[in-house]
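Each remark here refers to the structure printed beneath this line.
Number of protein chains: 6
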Amino acid sequence: MPLLKAAIIGGGNIADTNHIPALKQVADRVELVAVCGRDLGKARALANKHGIAHAFDNTLALYDQCAPDLVVICTPNNLHHPQAMEALAHNCHVFCEKPPAISAQQARDMANLATQKGLTLAYNFQLRQTSEWELLMRCRADGLLGDIYHIKAHFLRRRGIPGWGSFTNKAMQGGGALMDLGVHVLDLALYALDYPTPDQVLGNTYDLIGKSGGKGLMGDWNPKAFEVEDAAMAYLSFPDSVSIMLSASFALNTQADKDRNLEIFGSKGGVKLFPFSLYTEVAGELADIQFPYLEETDSQLKNTLAFLDACEGKPSTVCTAEQGAILQEIVERIYQSADKR
Amino acid sequence: MPLLKAAIIGGGNIADTNHIPALKQVADRVELVAVCGRDLGKARALANKHGIAHAFDNTLALYDQCAPDLVVICTPNNLHHPQAMEALAHNCHVFCEKPPAISAQQARDMANLATQKGLTLAYNFQLRQTSEWELLMRCRADGLLGDIYHIKAHFLRRRGIPGWGSFTNKAMQGGGALMDLGVHVLDLALYALDYPTPDQVLGNTYDLIGKSGGKGLMGDWNPKAFEVEDAAMAYLSFPDSVSIMLSASFALNTQADKDRNLEIFGSKGGVKLFPFSLYTEVAGELADIQFPYLEETDSQLKNTLAFLDACEGKPSTVCTAEQGAILQEIVERIYQSADKR
Amino acid sequence: MPLLKAAIIGGGNIADTNHIPALKQVADRVELVAVCGRDLGKARALANKHGIAHAFDNTLALYDQCAPDLVVICTPNNLHHPQAMEALAHNCHVFCEKPPAISAQQARDMANLATQKGLTLAYNFQLRQTSEWELLMRCRADGLLGDIYHIKAHFLRRRGIPGWGSFTNKAMQGGGALMDLGVHVLDLALYALDYPTPDQVLGNTYDLIGKSGGKGLMGDWNPKAFEVEDAAMAYLSFPDSVSIMLSASFALNTQADKDRNLEIFGSKGGVKLFPFSLYTEVAGELADIQFPYLEETDSQLKNTLAFLDACEGKPSTVCTAEQGAILQEIVERIYQSADKR
Amino acid sequence: MPLLKAAIIGGGNIADTNHIPALKQVADRVELVAVCGRDLGKARALANKHGIAHAFDNTLALYDQCAPDLVVICTPNNLHHPQAMEALAHNCHVFCEKPPAISAQQARDMANLATQKGLTLAYNFQLRQTSEWELLMRCRADGLLGDIYHIKAHFLRRRGIPGWGSFTNKAMQGGGALMDLGVHVLDLALYALDYPTPDQVLGNTYDLIGKSGGKGLMGDWNPKAFEVEDAAMAYLSFPDSVSIMLSASFALNTQADKDRNLEIFGSKGGVKLFPFSLYTEVAGELADIQFPYLEETDSQLKNTLAFLDACEGKPSTVCTAEQGAILQEIVERIYQSADKR
Amino acid sequence: MPLLKAAIIGGGNIADTNHIPALKQVADRVELVAVCGRDLGKARALANKHGIAHAFDNTLALYDQCAPDLVVICTPNNLHHPQAMEALAHNCHVFCEKPPAISAQQARDMANLATQKGLTLAYNFQLRQTSEWELLMRCRADGLLGDIYHIKAHFLRRRGIPGWGSFTNKAMQGGGALMDLGVHVLDLALYALDYPTPDQVLGNTYDLIGKSGGKGLMGDWNPKAFEVEDAAMAYLSFPDSVSIMLSASFALNTQADKDRNLEIFGSKGGVKLFPFSLYTEVAGELADIQFPYLEETDSQLKNTLAFLDACEGKPSTVCTAEQGAILQEIVERIYQSADKR
Amino acid sequence: MPLLKAAIIGGGNIADTNHIPALKQVADRVELVAVCGRDLGKARALANKHGIAHAFDNTLALYDQCAPDLVVICTPNNLHHPQAMEALAHNCHVFCEKPPAISAQQARDMANLATQKGLTLAYNFQLRQTSEWELLMRCRADGLLGDIYHIKAHFLRRRGIPGWGSFTNKAMQGGGALMDLGVHVLDLALYALDYPTPDQVLGNTYDLIGKSGGKGLMGDWNPKAFEVEDAAMAYLSFPDSVSIMLSASFALNTQADKDRNLEIFGSKGGVKLFPFSLYTEVAGELADIQFPYLEETDSQLKNTLAFLDACEGKPSTVCTAEQGAILQEIVERIYQSADKR
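Protein chains in written order, with the working numbering: chain A, 1 to 341; chain B, 1001 to 1341; chain C, 2001 to 2341; chain D, 3001 to 3341; chain E, 4001 to 4341; chain F, 5001 to 5341.
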């Protein structure tokens, strides 16, 4: 089987530390041929660092000269839609950083075009590839949870407003804590439920700390330029009375600096994801089950492999274009709910 | 000042262990003259045990013969309304066990009649009198929390469906985990916010474990007679974007057997109530503040005193008739939201 | 069903604190009619204390005057055999304190006579009635352990040579740590294996600390009068290659003052008994299972009930006469192995 | 003093990471001249990596061309005997990996030839060189333990069947957990007792988990090719009633993944080896003594030095040929005992 | 031997809960004949409660009517001197509460009169009778500490200004934290050194918190009536360069509510008293020694026995009149040093 | 602004690992031109290693050829005075390692000359630049401590007598644990009090362990050549009754190997420095405040920057010449006090 030709679009940190190393580890399936970035010099430097042949500051030139089979999009959120549409138009599979886009319509358009073209569009929610999540899915499959009916999902930082990048810029990011952090745990919660669409969505967003300033744990941020939510709270209700409570924050007066977890409640058992704990009955007694030997995995590598499997038409656990569209619609409905207030 | 004459209506456990002992400790303000119960023999035995002069199985006889100034209602939830209305009609102040009633209309009627008669009607939410809650209110008053904008409140049991009493009987209790447990933490959450009425309410209720049966930690329950919710989840959104997440369960596949707590998030500081922890900034650094010497208090005694203060027109922290009506309406809206599903 | 008439033989501490209280709690099945002790005054005092009608210092008088249906033997080890034989001869069921006797032949004779008379003879190994052991047996029955092939059992004290009683007297006790402590965990180990007889037994006994003296944690003992083993170590090998490692000590230079536990290793799962932990695989991962809500039980009461069930021909978990004979034979083989050295 | 010329026989992992680095650190006493391996290319690569002059795939060529003074044998267990005999025949001192051999007779022959030739044959039991063991020996010498009469020794893995190498091959390894792991702690236990020969040996071996398969913590093993014991239990009884309980496992349903320890019980004090704890009496009270500043040592380097000391006729703590023969005989007696069942 | 007749002077709490119960436990040596208190009614009530024959409000009447052999003085500090002098004048042995007196001259006079009369005067420093202190003295005697050269002694409360009694009254108590708490640990420190007299004393006292008021953990105190030191710090230097650092507080901004300990540093070993830990070398390694089985003792009973032994001329560990005089002089020198500032 | 030319005097470890790396990080303010050491070869090697142009073994040549603007003195204590005086005479700012000198007069002379020349002389007490100390100073400035009245400061090692260098040489070092370790925490304590001069000083020094020998945790030391104190204890009393307790040791029979801390007691709050904890009242309750997100800082770099700020006349937290003279006088008074004994 010939190697797939791959190109990176967006030459920032996530390309350098996540996607390029992962792709280089799967050299038996992929040839990484080009990097395309806003700044040609930086793109070339990155390409050289990783031994990649070509560098561009222009995607059309990239498609023209390299004819990649797949591209990985690592640009700010507002560029995901135009760049993915262009890539699909050039018959490329697309592996896009999260969140899918900055509006529901964008994500829907992207999914539709991928379907129409018969190409794979997928999103990089790599928490799906942790040992904990894999075990959750195995427990679910083995019937250890019974029917899942409620999930609490949160991704909270105490003072984790990034002091760099465009994270507080509404136009480029489309939102704040929910868009950047909340989507990770929302994707998992939805995945555990086979990605349903909610009947009702209720949410609120906040920016009191972000706009006030203070001590930062991820660098110093500028409260005057803080345009997004520092916290988002939401409740989703689904058919059959299934429900999700979702909390996300860049800044919140809570204990932990970083607190990311899910609790999944089923009729037979409940799971706390990190560290993985299963609460159920064994031999007629209430039992707490720990799994002390779960391995840490390279979840980026595994998610890249899952994307490649999808491209090749194999079963895959990567977040699909359709799932991304559902998720993006929920995010939009949370913001709409919050905006009414 | 002459002593207030008090009578107990409902001769069960809560009267025996909470209200009568508390009233006997305030003998300088109250004379406990009678106990009225369904079963005259039991009522008399309880009266004898505590040295109370009279026993009745008929409230009209009680009012006729003893003319109490106040009554304490300790009967099942469905009797709160008729007995409180009757007591107010007989010009008695009323100290009623929680929840206020089994419908919003009942609680509203009760509040209206109390206002009309110029009498005190109050509910026994005694968590308000814990040292932790008093400290929370002092921190709030001292501005240590800034503006409160989000509260997470939960009262969860893993397998705490009571194996006795009428707790699983819908007609007598009006509901399950929300009605019995959730109201305690909901009252606190609302109190921290000065008891606003929500714009929107969204909730779900569950009964999968309750109806399936299994190991019980509060005796064995009968899954066939389980008519109420074993868990309730809700989200409340208030004006100015304030929000509450509420969780209550009799049975849930979670770690702790009993987990009752509130997290109160404000712009300056956040509080976890048990054990009381304040998360804020001190001297420009993120600070975690513990209070290792908070005393345990006799919260029933303090709540009884707060009720007496209210009867005498003094400032009081007891849950008022008006607050009870707001709370009961929220409970009803949660059930209505859940019933749609 | 008429009440069984019961008598206590041996008016010491174990009768006063364990057997009499347990029998009084089952007054719906047993009438406790007499106490028989060496010293008539003490026997009478004990009878009075517990409201028992008769006291004797002579078992023949007891049988003659009271005609009990069952007796409980609470005397030193060397009296178990003669008193049990006499009781069986008088057509009484016998509930005998552990160990069964001081020789294998005695225990065998007792079992034979019980069989011949069609009476119940049972031994008071009450650890069988702990929640932990009941859970072990349920796990075994549910197949969670697979085939059990090795058990480590120990009952170790660091300096627990009793400073009172006859515990260091060889003639009265028949042995030391093995006879007094080791038999408890040996009974459990054998019970988990359905009470097989070992192919081979190898053991050693020690008395260096007991004969040297030093600090005592259960009073001061007299090293000059120390005639028994302060520690016993043994290895038992059974058909199908099943094995047991057994350790017992009154005195040993080890960390814990009291360390009593069993580890049961099976092909599917392994159990550590205190606190109960199950080590196995769940959903394809190695799992540690804890049971945080095991109740403490009144194991003496439960064992007394188990004995009564046996007397009435019902299924029972009490240690039978046959099991006691097997256990006593193993104890004797351990001492014989040790004596060769 | 001229440098000793050394050669490595067996170019695998243990040579690469243990023996060669240790020998290079003692360049003032030893010149490492050659590596001999089955595969010449690999041997040469290893030699090059460490700057060693010669590489062979043939021991006769090695002896012929290099005439080493000593060899280090790092091959599979079944080659220890032929290679050691050959080396001794070529007048080389021999430092052999553990276990000594795969039969008692082999180890006895090797010891006899070494004696006959006046050469040093020693085995690499490097736990002897840990700070903990050195402290144990000092405590013993200072009389802090009194007479040692019982030792519990275990080396247990929960699921540590190696997924590589020949560890499950009976012909090459001679056995499983006992041969590979148990010998380490057996050597220490025997050493603490001055290496006596047991009067009696009783043991059992198991393979239920190894043959069933499942989750592996040291790679995945093939249950179909599993020919050795996954666990071995044994009891050794020595003159003067001294005893050892020995447990070793590749796979066992126990808590810890790796649990390697010894408990040494003496009349004056007892020691738990890891972390080193001494249980004794101080000033008339029971005392627990910890040693918080024990250094970690390079135990391989120290054992290599001990071997060199032995070669030079100096006092040494290395495991001698005679000790190795005694140990191998005990291992064989354990297997023989187990095979009867 | 005839019983000693004993009387209690001062009918407060310390008499009721400490001295009278202890004396009643030694009824084989002492007959407790009278209680003398300021208020005759209370004295009689206390006497009745404990079955003591006589009650007085006048010591002369006591001596006249009862002729006691010994008295126990349980009155405020300023009465210790007059009452002890009077008791000695009436030929009574005296067991006096701590501190000895409120001036050095008083304590010296008391000691001189006791010597002159050949009577026993002793002080109730009962920490001397704890298991920890007894073990310290045994370790010292066994040479485990070598030469003791420095001691750190502290008795600190965070907010433990008693809200009752005369503890903040300078005239009655003679001082604050040093006089009430510091003397306990100072007595131990001096005792460990064989009660030397210091060459130099340097100290400071404080009252900033006591005079400011705030949260109290031993009731509420009145900052306006706070006349004593809330904290005292001192350094004592003795011949041979031995030194003591002493810290005592009723109120200090420190973590623990009650922190009472001594560290004793010697050339061979050092001890932290609570929990007892010995830091030394064992077998050439630095060793930490714990004593997990120290018993809790009834230190008041043991100190009362020690006083009786002293009265009978036997060796005793009770604080003697001479030691009390030395201690009181040191306390006075600390206050004098502090007053200069 | 032109770069300052800097030279290092003393080419040992502290220059190599602390001062040179720090100076190289501030290359925008300083040009490091030379290293001067006793041994020219070593000085040159150090210069080469760090890319410094010149090396000398003679300070006069250094001043002659390089004309530095500042020098950093990294030599043994007895050379601080002559080298600083010489440097000031050559119009250089001086950054001198601690302690300032080996006598009070030396430090006073150095300060006077610096003042006279208008140059900066400062000492490298880098603990001032830890996050903990900066937070302490902010808390003090914010009034959170009220008036500080007592400080306990200690720097204790259990067996930390350095086995290298001149640390035990009285002539070169001027003293032992106090001179090397105690000065660090004494500087902080004085700094918290605005560097007052004590009214009274009382101290003791010891050398029993140092002269006896034993296990070392910082290499092996020679007890025969041990000329300094292994421990020093002191008490300082200042105007307004402020006091400091100071403890320092190279060797002491205490638990921790290294225990360095300060407790600062004020009228409003108290601080334990490591980990930083503030004990005070919040909202009327006793509160313990932790700061879980204090960053570790490069305190050497920050102290070097503080020195440069001082050279440029900016506000600075570096230890000044005047402070150094006060500190050195206190050290001398402690030794004088100890020498009387």
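We put the beta carbon where it would ideally sit given N, CA and C, even for glycine.
The structure presented is a predicted model; accordingly, all values stated were derived computationally and were not measured.
Backbone CA spacing between residue 1230 of chain B and residue 1254 of chain B [nearest angstrom]
Translated into the one-based positions of the second sequence, residue 1230 of chain B becomes position 230. Translated into the one-based positions of the second sequence, residue 1254 of chain B becomes position 254. Computed Cα separation, rounded: 13 Å.
Range covered by the alpha helix (DSSP H) that runs through residue 302 of chain A
Residue numbering aside, residue 302 of chain A sits at position 302 when the first sequence is read from its first letter. Annotation for residue 302 of chain A: the continuous alpha helix (DSSP H) segment containing it runs 299-311.
Using a C-beta cutoff of 8 Å, does residue 3271 of chain D count as contacting chain E?
Counting from 1 along the fourth sequence, the entry for residue 3271 of chain D is found at position 271. Output row for residue 3271 of chain D: interface = no.
Which residues in chain D have a C-beta closer than 7 Å to the C-beta of residue 4284 of chain E? List them in chain order.
To locate residue 4284 of chain E, count along the fifth sequence from 1; it is residue 284. Going along chain D in sequence order, the residues near residue 4284 of chain E (Cβ under 7 Å) are 3138.
Is the shortest distance between the beta-carbon of residue 2332 of chain C and the beta-carbons of chain D less than 8 Å?
Residue 2332 of chain C sits at position 332 when you count from the first residue of the third sequence. With its beta carbon at least 8 Å from every one in chain D, residue 2332 of chain C lies outside the interface.
Taking only beta-carbon positions, decide if residue 4315 of chain E is within less than 8 Å of chain D.
Numbered from its first residue, the fifth sequence carries residue 4315 of chain E at position 315. False, the Cβ-Cβ gap to chain D never drops below 8 Å.
Inside the segment 4076-4124 of chain E only - beta strand (DSSP E) runs reaching at least 3 residues:
Runs found: 4093-4096, 4121-4123.
State the beta-bridge partners of residue 2329 of chain C as determined by DSSP.
The sequence position of residue 2329 of chain C within the third sequence is 329, counting from 1. Paired residues: none, contrary to the question.
Would DSSP call residue 5318 of chain F helix, strand or coil?
Within the sixth sequence, residue 5318 of chain F is the residue found at index 318, counting from 1. In the structure shown, the three-state DSSP call for residue 5318 of chain F is coil.
Throw me the rounded Cβ distance for the residue 5159 of chain F and residue 5215 of chain F pair, which I believe falls under 8 Å.
Here residue 5159 of chain F is taken as the residue at index 159 of the sixth sequence, counted from 1. Here residue 5215 of chain F is taken as the residue at index 215 of the sixth sequence, counted from 1. Indeed, because the Cβ distance is near 6 Å, the residues count as touching under 8 Å.
Going by the CB atoms, is the gap between residue 279 of chain A and residue 2285 of chain C shorter than 8 Å?
Here residue 2285 of chain C refers to the residue found at position 285 when the third sequence is read from its first residue. Here residue 279 of chain A refers to the residue found at position 279 when the first sequence is read from its first residue. A distance of 8 Å or more separates the beta carbons of residue 2285 of chain C and residue 279 of chain A.
CB contact check: residue 4300 of chain E to chain D, cutoff 8 Å
On the fifth sequence, residue 4300 of chain E is found 300 positions in, with the first residue counted as 1. For residue 4300 of chain E, the answer is no, since every Cβ of chain D falls outside 8 Å of its Cβ.
Could you round the C-beta distance between residue 5094 of chain F and residue 5007 of chain F to whole angstroms and report it? I think they count as a contact, below 8 Å.
To locate residue 5094 of chain F, count along the sixth sequence from 1; it is residue 94. To locate residue 5007 of chain F, count along the sixth sequence from 1; it is residue 7. Not quite, the Cβ-Cβ distance comes to about 11 Å (not below 8 Å), so this is no contact.
Chain-ordered neighbours of residue 291 of chain A on chain C, where CB pairs are closer than 9 Å:
Here residue 291 of chain A corresponds to residue number 291 of the first sequence, with the count starting at 1. Here the neighbours are 2282, 2283, 2285, 2286, 2287, 2288.
In whole angstroms, what is the alpha-carbon distance linking residue 3328 of chain D and residue 3121 of chain D?
Stepping through the fourth sequence from its first residue, residue 3328 of chain D is reached at position 328. Stepping through the fourth sequence from its first residue, residue 3121 of chain D is reached at position 121. Distance between the alpha carbons of residue 3328 of chain D and residue 3121 of chain D is about 14 Å.
How about residue 3081 of chain D and residue 3065 of chain D: do their beta carbons lie closer than 8 Å?
Counted from its first residue, the fourth sequence places residue 3081 of chain D at position 81. Counted from its first residue, the fourth sequence places residue 3065 of chain D at position 65. No, the Cβ-Cβ distance between residue 3081 of chain D and residue 3065 of chain D is not below 8 Å.
Taking CB distances under 8 Å as the criterion, tell me whether residue 5145 of chain F reaches chain B.
If you number the sixth sequence from 1, residue 5145 of chain F lands on position 145. It does not; no Cβ of chain B falls within 8 Å.
Residue 5003 of chain F CB to nearest chain B CB: under 8 Å?
By one-based count along the sixth sequence, residue 5003 of chain F stands at place 3. Not closer than 8 Å to any Cβ of chain B, the Cβ of residue 5003 of chain F fails to qualify, so no.
Alpha helix (DSSP H) segment containing residue 210 of chain A, residue limits
Indexing the first sequence from 1 puts residue 210 of chain A at position 210. From DSSP, the alpha helix (DSSP H) with residue 210 of chain A extends over 208-212.
Restricting to Cα atoms, I'd like to know which of C:2207, C:2017, C:2078 is closest to residue 2171 of chain C.
Counted from its first residue, the third sequence places residue 2171 of chain C at position 171. Nearest of C:2207, C:2017, C:2078 to residue 2171 of chain C, Cα basis: C:2078.
Tell me the DSSP secondary structure of residue 288 of chain A in three-state form.
Taking the first residue of the first sequence as 1, we reach residue 288 of chain A at position 288. Strand at residue 288 of chain A.
Since residue 3161 of chain D meets chain C, which of its residues come closer than 7 Å, beta carbon to beta carbon?
Residue 3161 of chain D sits at position 161 when you count from the first residue of the fourth sequence. Simply none; closest approach about 13 Å.
Would DSSP call residue 5233 of chain F helix, strand or coil?
Stepping through the sixth sequence from its first residue, residue 5233 of chain F is reached at position 233. Here residue 5233 of chain F sits in strand by DSSP.
Let me see if you follow: with CB-CB separation under 8 Å, is residue 5157 of chain F close to chain E or not?
As a first step, residue 5157 of chain F must be located in the sixth sequence, where it is residue number 157. So, not an interface residue.
Is the Cβ-Cβ distance between residue 2219 of chain C and residue 2162 of chain C less than 8 Å?
Here the question's residue 2219 of chain C lines up with position 219 in the third sequence. Here the question's residue 2162 of chain C lines up with position 162 in the third sequence. Note that the C-beta distance between residue 2219 of chain C and residue 2162 of chain C is below 8 Å.
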